[in-house]
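Notes follow once the structure below has been shown.
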Amino acid sequence: MQFASAIFAADVEVAQTIGFGIIAAVMIVAALNVVLSKNVVHAALSLVAVMAGAAAQYLLLAAEFVAVTQVLVYIGAVMVLFLFGVMLTRAKLGKDTDLNNDKGWLLGLPIALLLLVVMAYVLIDSFQDDQISGSGEGRIGASANILLSDRIFSTYALPFWALSFVLLAAVIGAIVLARKD
Amino acid sequence: MLINMFLLLGAILFCIGVYGVIARKNAVLVLMSIELILNSVNINLLAFDRLNGGNDGAVFALYIIAVAAAEVGVGLAMVLLIFRNRKTISLDDLSEMKG
Amino acid sequence: MGWFLENAWLIPVIPGVAFFLIIFFGKRMPRGGSEIGIASMAASLVLASGAAYQWINRVDESHGEEVHAVLSRWEWFRIGDLRVSIGSHIDGLAVVMLLLVAFISTLVQIYSTEYVRGDRRYTHFFASITLFSAGMLTMVLAPNMVQLLLGWEIMGLCSFLLIGHWWEERANSEAALKAFWTVRVGDMGLLVGIAMLLAIFNTLEIGEINEAAAAGDFDSKSMLMWAAVALFIACIGKSGQFPLHTWLPDAMAGPTPVSSLLHSSTMVVAGVFLVARLYPVFHIGLDMNIAGQQFNLVAVIGGITVLIAAGLAFVQNDIKKVLAYSTVSQLGYMMMGLGVGAWTAAVFHIFTHAFFKCALFLCAGSVAHTGSHHSFDMKKDMGGLRKKMPITFGVWIVSTAALCGIPFVSGFFSKDEIIDSAKHNDYTMFYIVGIVGAFMTTAYMTRATYLTFFGKSRGGAEHFEHELHHDHKESKDSPWQITVPLIILGVLAVVSGYLNAAPFKWHWFEHWTESSIGLHFGEGSAFEIPHPPVFSWLAAAPGLALVAAGFAISLLLSRAVFGSDKSPLQGLTQRNAVLGAGHKFLVNKYYLDVLYEKIIVRGIAYPISKAAYWTNQHILDGIVNTVGKTGRRTGDLVYKYIDQGLVDGAVNGSGTTARGAGGALQPVQSGKVNMYGALLFGAAAVGGLVLVLVNT
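Chains as they are written, first to last, in the numbering used here: chain B, 255 to 435; chain R, 958 to 1056; chain S, 691 to 1386.
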């Protein structure tokens, strides 16, 4: 296997690769727990693990600022929202057998597997053993963040505006939907 | 590091999320599965960003995080509204769109 | 240059700002925001008058040299190399329209303070009408197509708000929707046309486009032709030309001041304005005035509209609908004029028509407001009002004379020149259309006048007569807010025509505006438009004779039909089959609405939905059911034949599995979110697989 041998090739940063492997394994297990768990709260907590793992992967990819945002927004805010959602909809806090569709796996499993096979084939076929080159220096630290903010407010200012509208609409929409009148 | 490690991790998370969307009945859990999908996309974006240099991918990853936050806010508000009106958030019972 | 010309961009900005002021503070103002609206329109009027004055000076000082438009532009946004500006492009045409729109809007707003007094959405009304005027003003001074589109769309939105002002009644909200959607059909043409202009000329600046088109500076003539056709579709929608004219009469559902504003100087004129503004594109794209040409798109559509709308005006009982069809017909004249190469005459007709048509609508509103208890039905609630409402009656008569083209009143000078030009430029067919249209115009207006102001009082008018009698009064006209604008407009309906009175060889209007075309008058090169004809009473005689005939015939018929109860002519349409069929055909508006709603919409939309339904029912369900049935049948077969000899549990197991598979596949149309998610991702997976297989 080309792919497998490439992982252990000499020019690969072994420490990072091992770190990646551990975090990725944790993420996959946690993600499976999100979709398989019989306990809503456990699922939510597993989601936290996935999010945290993703943040760690972002760090490996030298995307410091995104990682911090991920922790703040997802683990800080979104997860609290989810837990509130669980609480307010009075889900059973223990095991709940009524979380899945009857025979849902009959439909979900083939589709998910088919999708995975197709994607994996395409990825391995096209990227072979391409390396992420360079040390990632210059991508970390204050100067990188300045570059990032320059990008947001110049080249990508238009999507930024659009995003502001989306957020505004979401705030108003959420209030309108959820208020009791 | 191989770029494919990250891309495959993204693909796996994506497919797990897809499975969750299809197999789960509880609306909150479906929303969580959608979050998995969004996160896997972010991993891909940042991997490509690192591969190509520059920081365009990071910008869009940030945007996706913001959109996801908005989506969860509205989604949970809808779930709450549905719960208030029907005392259930089981997607089975919401089949008014039946063709 | 002149301060007013350079700062003309303020003209639309003032009402635009006023709109927000009215929205935010209007309800707290002592007069509900109307004072802001009127003040802003008056300010615009002052600025527009200043601009007009300075423009006239500029033309007079040029001593026959070419007068260039005054441009003030700022960069709005940039896409690649394309810079889109915002600002003002002031030339003769723009000045005429600015003055017209600001003037009419001011009068209409003053009129509205009385007409919609006490309305529950009084503030809202003034906000919309102010924004509407701002939209039109933005459009007429647009230096490029993008700003023009902006103003065009603002108008579309506001017309929706205004026509549906009393949306509690279903008919009104439907009329508003109809107006919006019908115009929308045309707007597609505008977008396509603008894109094509950009492709041809690589610029969106109107001045540059006109120059390049006039100089023949483009690659493909047929491309230019299609651009002109696309833009003209937009004009058909906006200006209510055949076959998209059906929204205009329905738009009468709005308050009368709105009808008056929309159908005199704004909204519907926008289409004609667009053709006049980009005249070189149309003129060259459609080969107008080329030797031997008998027809072209603009003239044909205009000509058809003249006749069709005039025909419909005969059978209306609602006074506003008569005026609406009359507007459609007059817009047809303008288009026809542009189509036969009579640019000045057509623009001049915009100018005069605005005054007398606005006056007519406001008269109709005045009658309804005071004389007929808010009814617009001429047959039921009007009649005999001439002595009771003298001012309204006087203005009505003068404006009607102008509309019919009776000599020495404004409409005569403009309409006759269009008709005359058609003959002069060898478009004989449109000459005939023109004089027949003039005949019909006179006839239906005589009918409407007779029904409203002569004969016996009926319904609401009769009630009004009793009230007067009770108060021991001879007459009682509307309050000053209504009569003052009426009188001003009535005077202008007479005198505005003398700005370009061909019989007296007065050609000021032509002199002031001709530089805006971008083409030169005179013969020789293919890209020049012909000189207007020299006026002679002999040439005008056939038209005038027909106008007189129309008046006489219609008066006699009206007296005979509506004058007395025992007329032998009354109810003729019920008794005579041929006339009855014709009447019915007209009452049903040539069945165009039926064609659109029943045949086209059903013919296209219905089969599509039906096909989709059929696919659902037969193909998708069929597949699912077949799978389910096959599974079940397999189970049944297994049960029936093999069960006897084999272990029960195995059989039951396979049966259940089959049933489960069937059950899992069956609810494709279940309405369940998960199922739709499964379909989505499943389709994506299969699509990806197909792509991979195809590409390897």
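Just so it is clear, CB atoms sit at the ideal spot from N, CA and C, and this is done for glycine as well.
For clarity, every value in this text was computed on a predicted model and none was experimentally measured.
- prompt: If you draw a straight line from the alpha carbon of leucine 361 of chain B to that of isoleucine 979 of chain R, how long is it in whole angstroms?
  reply: 7 Å
query: Looking at threonine 1131 of chain S and leucine 1182 of chain S, is the spacing between their C-beta atoms short of 9 Å?
result: Result no, Cβ atoms of leucine 1182 of chain S and threonine 1131 of chain S do not sit closer than 9 Å.
task: Let me know if histidine 973 of chain S comes out buried or exposed under the rule of 16 or more other beta-carbons within 10 Å of its beta-carbon.
output: buried
- prompt: Of all the CB atoms in chain R, is at least one closer than 9 Å to the CB of valine 1363 of chain S?
  reply: Any Cβ of chain R closer than 9 Å to the Cβ of valine 1363 of chain S would place that residue at the interface, and such an atom is present.
message: Beta-carbon within less than 8 Å of isoleucine 896 of chain S's beta-carbon, same chain only, minus the 5 sequence neighbours each way: which residues are those?
response: His779, Ala832, Pro833, Asn834, Met835, Leu838, Arg967 and Leu968
message: Counting C-beta neighbours from all protein chains within 10 Å, is the total for threonine 1042 of chain S 16 or more, i.e. buried, or is it exposed?
response: buried
query: Alpha carbon to alpha carbon, how far is glycine 647 of chain S from valine 1018 of chain S?
result: Residue 647 of chain S is absent from the structure shown; chain S starts at 691 and stops at 1386.
Alpha helix (DSSP H) segments (min. 4 residues) lying fully within the stretch 373-433 of chain B: 396-407 and 411-432
- prompt: At what residue ranges does the stretch 915-985 of chain S contain a whole run of the alpha helix (DSSP H), taking only runs of 4 or more?
  reply: 937-940, 946-954, 958-967 and 969-975
message: So if DSSP puts arginine 768 of chain S in a beta bridge, which residue, or which two residues, is it bridged to?
response: S/Arg773
query: Is any beta-carbon of chain S found at less than 9 Å from that of arginine 981 of chain R?
result: yes
- prompt: When we look at the beta-carbon of proline 1175 of chain S and count the other beta-carbons within 10 Å, is it buried (16 or more) or exposed?
  reply: Proline 1175 of chain S counts as buried, since at least 16 other C-beta atoms from the protein chains shown sit within 10 angstroms of its C-beta.
Start and end residues, alpha helix (DSSP H) containing proline 1175 of chain S: 1170-1185
query: According to a CB-to-CB cut-off of less than 8 Å, which residues of the stretch 297-311 of chain B neighbour chain R?
result: Ala297, Ala298, Leu301, Val304, Met305, Ala308 and Gln311
- request: Give a yes or no on whether the minimum CB-CB distance between glycine 1214 of chain S and chain R is below 9 Å.
  value: Confidence is the limiting factor: at glycine 1214 of chain S the pLDDT is only 49, short of 50, which leaves the residue's position unreliable, though a coordinate-based value still follows. Not closer than 9 Å to any Cβ of chain R, the Cβ of glycine 1214 of chain S fails to qualify, so no.
task: Give the straight-line distance between the Cα atoms of phenylalanine 1144 of chain S and glycine 716 of chain S, rounded to the nearest whole angstrom.
output: 42 Å
field: Cα-Cα separation between leucine 711 of chain S and histidine 814 of chain S, rounded to whole angstroms
entry: 11 Å
message: Run through the DSSP bridge pairs and tell me what arginine 811 of chain S is partnered with.
response: DSSP output for arginine 811 of chain S lists no bridge partner at all.
message: Since alanine 960 of chain S and methionine 829 of chain S should fall inside the 8 Å C-beta cutoff, what is the C-beta to C-beta distance between them, to a whole number of angstroms?
response: 6 Å
field: Separation of cysteine 1048 of chain S from threonine 1173 of chain S, as counted between CA atoms
entry: 13 Å
field: Beta-carbon neighbours of valine 376 of chain B, restricted to chain S and to distances below 8 Å
entry: Gly1378 and Val1382
task: Sort out for me which residues DSSP pairs arginine 1148 of chain S with in a bridge.
output: Paired residue(s): none; arginine 1148 of chain S is not in a bridge.
query: In chain R, which residues lie less than 7 Å from glycine 1373 of chain S when you measure between Cβ atoms?
result: Looking at the sequence shown, residue 1373 of chain S is not glycine but alanine. Within chain R, no residue comes near alanine 1373 of chain S; the closest Cβ sits about 12 Å away, beyond 7 Å.
query: Any idea what DSSP makes of histidine 1063 of chain S, helix, strand or coil?
result: It is coil, neither helix nor strand.
message: Less than 9 Å between the C-beta atoms of alanine 865 of chain S and glycine 944 of chain S, yes or no?
response: yes
query: From the beta carbon of leucine 412 of chain B, is the nearest beta carbon of chain R less than 9 Å away?
result: no
task: Kindly indicate if chain R contains any beta-carbon less than 9 Å away from that of glycine 395 of chain B.
output: no
query: Taking only beta-carbon atoms, is isoleucine 429 of chain B less than 9 Å away from chain R?
result: yes
- prompt: Going straight from the alpha carbon of valine 958 of chain S to that of phenylalanine 870 of chain S, what length do you get?
  reply: 13 Å
field: Under 7 Å from the C-beta of aspartate 1049 of chain R: neighbouring residues of chain S
entry: Lys1362
query: Is the CB-CB distance between methionine 719 of chain S and phenylalanine 963 of chain S below 9 Å?
result: no
message: Between which residues of its own chain and valine 304 of chain B is the CB-CB distance below 6 Å, once the five residues before and five after are set aside?
response: Met281, Ala284 and Ala285
task: Determine the direct distance from the alpha carbon of arginine 1041 of chain R to that of isoleucine 277 of chain B, and round the result to whole angstroms.
output: 39 Å
query: In chain order, what residues of the same chain have a beta carbon less than 8 Å from the beta carbon of alanine 1044 of chain S, not counting five sequence neighbours either side?
result: If you ignore the 5 residues before and after alanine 1044 of chain S, its C-beta comes within less than 8 Å of the C-beta of Leu790, Ile794, Ser954, Ser955 and Val959, all in its own chain and listed in chain order.
query: Does any C-beta atom of chain S lie closer than 9 Å to the C-beta of valine 372 of chain B?
result: yes
Coil, strand or helix - methionine 255 of chain B by DSSP: With a pLDDT of 48 at methionine 255 of chain B, under the threshold of 50, the modelled position of that residue is not reliable, and the figure given next carries that caveat. Here methionine 255 of chain B sits in coil by DSSP.
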